[in-house]
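Visitor: 0 is the number of the first residue of the sequence shown in numbering that gives the first Met the number 0; add one for each residue after it.
By construction, the Cβ of each residue, glycine as well, lies at the ideal position given by its N, Cα and C atoms.
These numbers come from a predicted model, not from an experiment.
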Amino acid sequence: MIIMIVDDDRLVRFAVKSMLRDILGESEDIFLEVANGRDMVTVCKEKEPDVAFVDIRMPYMNGVDAIEECKKYSGDTQYVIMSGYSDFEYAQKGIRLGVSDYLLKPVDCENLKDVMERIRQRIDERYQESNSRFQLQIMEAFNYFASMGTDEKLISMNKIHNYLAYFLYIKDSHDFQNIIMKKIKKLGDEVVSNKGHYAITNTADGTICVVFELPERRQDSVMSYMKKICLETNIKHPFFYYLRWVKSDTLQEICCESEKADRETYLLLDRQPGMIYDEKNLKRGEYETEFLAQIEKLIDVWKQADGIECKDIINKLWRTYKEQELNVNLKYLGEYCSAACGCPISHESFKLFFQSFVDYSEQMYIGFRAEESDMIEEIKKYIQKNYMYDISISQIAEQFGLSANYLSTIFKRKTGERFIDYLTRIRIEAAKKLLIQNASASVQDIALMTGYTSSRHFSTLFQKYTGKTPTVYRKLEL
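1. Assuming tyrosine 126 and valine 191 form a contact by the criterion Cβ under 8 Å, report the distance between their Cβ atoms to the nearest whole angstrom.
2. Going by C-alpha to C-alpha distance, which of Lys384, Lys467, Met81, Ile66 sits closest to arginine 12?
3. Excluding the 5 residues flanking phenylalanine 144 on each side, which residues of the same chain have their C-beta closer than 6 Å to its C-beta?
4. With a CB to CB cut of under 6 Å and the five nearest residues on each side skipped, what residues in its chain are close to isoleucine 137?
5. Could you give the first and the last residue of the continuous beta strand (DSSP E) run that contains phenylalanine 30?
6. Do valine 50 and glutamine 77 have their beta-carbon atoms positioned less than 9 Å apart in this structure?
7. Does the beta-carbon of glycine 187 have 16 or more other beta-carbons within 10 angstroms, so that it is buried, or is it exposed?
8. When DSSP labels each residue in this structure, what does lysine 467 get in the three-state scheme?
9. In terms of residue numbering, what span does the alpha helix (DSSP H) encompassing tyrosine 421 cover?
10. Closer than 8 Å by C-beta to tyrosine 320: which residues in its own chain qualify, once you throw out the five before and the five after it? Chain order, please.
11. In angstroms, rounded to a whole number, what distance separates the CA positions of leucine 103 and alanine 14?
12. Return the bridge partner residues of threonine 414 from the DSSP annotation.
13. Could you give the C-beta distance for leucine 31 and proline 48, rounded to a whole number, given that I count them as a contact under 8 Å?
14. Relative to the alpha-carbon of tyrosine 331, which residue among Ile294, Lys379, Met39, Tyr464 has its alpha-carbon at the smallest distance?
15. Between the C-alpha atoms of cysteine 43 and aspartate 6, what's the straight-line distance to the nearest angstrom?
16. Can you say whether histidine 160 is buried or exposed, counting buried as having 16 or more other CB atoms within 10 angstroms of its CB?
17. Any contact between the stretch 403-415 and the stretch 342-356? By contact I mean 3 or more CB pairs, one from each, below 8 Å.
18. Closest to serine 337 by C-alpha separation, out of Ile312, Thr408, Leu401, would be which residue?
19. Can you check DSSP and say which residues form a bridge with tryptophan 317?
20. DSSP three-state call for aspartate 248: helix, strand or coil?
21. With DSSP as the reference, label leucine 268 as helix, strand or coil.
22. Using the rule of at least 16 other Cβ atoms within 10 Å of the residue's Cβ for burial, across every protein chain shown, is proline 214 buried or exposed?
23. With burial defined as no fewer than 16 other Cβ atoms inside 10 Å of the residue's Cβ, what is the status of lysine 194: buried or exposed?
24. CB methionine 225 to CB valine 106, shorter than 9 Å?
25. Got a sec, what are the start and stop residues for the alpha helix (DSSP H) serine 82 sits in?
26. From histidine 162 to threonine 249, what does the alpha carbon distance come to, in whole angstroms?
27. For glutamate 322 and tyrosine 335, I'd like the C-alpha separation in whole angstroms.
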């Protein structure tokens, strides 16, 4: 927290600062001392303090006028007036300006402690409210990107910020996911308390993504803490997982990297569990890149139960790569393929790896497993009943005791469409009915009724799915 003490008396500044240090204890709070109202305005422009204790009678500019000017540049600052009885008229004007509190001089330590407790509560509430808006922005951006693709751009996605995003893969273990998420949320709360933001969301295919927005000078400490979480958790819970990270000053780039995470997170070459890797420094050789592309294609046709093409791809892979020295970690590749295909794929050698696909190929025609099909039907009913709320694949996965990645995989396998596409389709169909049934409702109202906080996002999706804007659709159908 940045605390500014403004008084032309050096001894008063010293006394207030000493009392605040005793009240706040061991903390990383920054104290700024200013001797007059004119300098106070200058410092507020540069530092935007969290709280300012301001004397009223000062040279060059009195405290109340200085507060009025500072509010133009530092509106979130909590201002506390310090004055004597004779300054009551000034204090009244300060109250009209919305100052947070009033302290009578000489300042008493107990009164100062009460004021600081109230101020810290207001600041914490403001930070949490700001972070809630940030979380909605991130979730909406990821949903928009998953629905609209890489060619679409939103103005709101192109604002310049300091983003640090982590893509996390955890082997299907709901309990383990909760353990590491608690640690990440604790880190996120610390970031928020230091004027930063964080959000936990999912890519279109269920990969967990943690996005931080914070000053660049604080990114190293977050990186260190994330690495510590990753290593410590992996030692106690040796599940196959690791983190990838990427820095960017635009949310658009973060969303682009999320697409790579969906396709490549589980296929990283020669990676060890419990480690963190810079996405921009991950290199692919020519053979490895093509090999992994073919593996992705193999998994796709497996999910489509196309046995003939599946065998064609396996034969092609065997002929092309059996003599190559590929830098591919078969253990992790086998883990990924097993999770994606729903059957154990051996990873001891290329021959056994490919043979596993052949051995289980007949199972592609057996049909859906009854328990998975029943669960997907329940999830579809849940979506149809709750589409108007802020639901996500991670929230639904948690409710059904699954990992988001696993739910994403089986949902696509059982329904033929991605979770985000299904949710969007249900919402748009509901919106079409609401536009007709509620002729007086605005587009913003319809957007909110169908789970979208942004009418612009809603209108873009509606036009993509129907070929018409909501307004035009309503006019044609009424």
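Guide: Let me spell this out:
1. At roughly 5 Å, the Cβ-Cβ gap stays under 8 Å, so tyrosine 126 and valine 191 are in contact.
2. Looking at the Cα atoms, Met81 is the closest of the given residues.
3. Closer than 6 Å at the Cβ level, and outside the excluded window around phenylalanine 144, lie Cys254.
4. Correct list, in chain order: Ala198, Thr200, Val210.
5. First-last of the beta strand (DSSP E) with phenylalanine 30: 29-33.
6. Contact: yes.
7. The Cβ neighbour count for glycine 187, taken over all protein chains shown within 10 Å, is at least 16; the residue is labelled buried.
8. In this structure, lysine 467 counts as coil in the three-state DSSP scheme.
9. Here the alpha helix (DSSP H) through tyrosine 421 covers 418-436.
10. Same-chain partners within the cutoff: Tyr286, Phe290, Phe349.
11. Pairing leucine 103 with alanine 14, the inter-Cα distance amounts to about 14 Å.
12. In the DSSP output, where bridge partners are listed per residue, threonine 414 has none listed.
13. About 6 Å separates the two Cβ atoms, so the contact holds.
14. The alpha carbon of tyrosine 331 has as its nearest neighbour, out of Ile294, Lys379, Met39, Tyr464, the alpha carbon of Ile294.
15. If you take the alpha carbons of cysteine 43 and aspartate 6, they lie about 15 Å apart.
16. Classification of histidine 160: exposed, given that the 10 Å Cβ count is below 16.
17. As far as the Cβ criterion goes, the stretch 403-415 does not touch the stretch 342-356, which means the pair count is below three.
18. The candidate whose alpha carbon is nearest that of serine 337 is Thr408.
19. DSSP lists no beta-bridge partner residue for tryptophan 317.
20. Coil at aspartate 248, not helix or strand.
21. With a pLDDT of 44 at leucine 268, under the threshold of 50, the predicted position of this residue should be treated as unreliable, though the coordinate-derived value follows. Looking at leucine 268 - three-state DSSP - the assignment turns out to be coil, as it is neither helix nor strand.
22. The Cβ neighbour count for proline 214, taken over all protein chains shown within 10 Å, is under 16; the residue is labelled exposed.
23. Buried is the label assigned to lysine 194, since at least 16 other Cβ atoms lie within 10 Å of its Cβ.
24. Contact check for methionine 225 against valine 106 fails: the beta carbons are separated by 9 Å or more.
25. First-last for serine 82: 77-82, but that is the beta strand (DSSP E), not the alpha helix (DSSP H).
26. Going by the sequence as given, residue 162 is tyrosine instead of histidine. Distance between the alpha carbons of tyrosine 162 and threonine 249 is about 7 Å.
27. Rounded to the nearest angstrom, the two C-alpha atoms are 23 Å apart.
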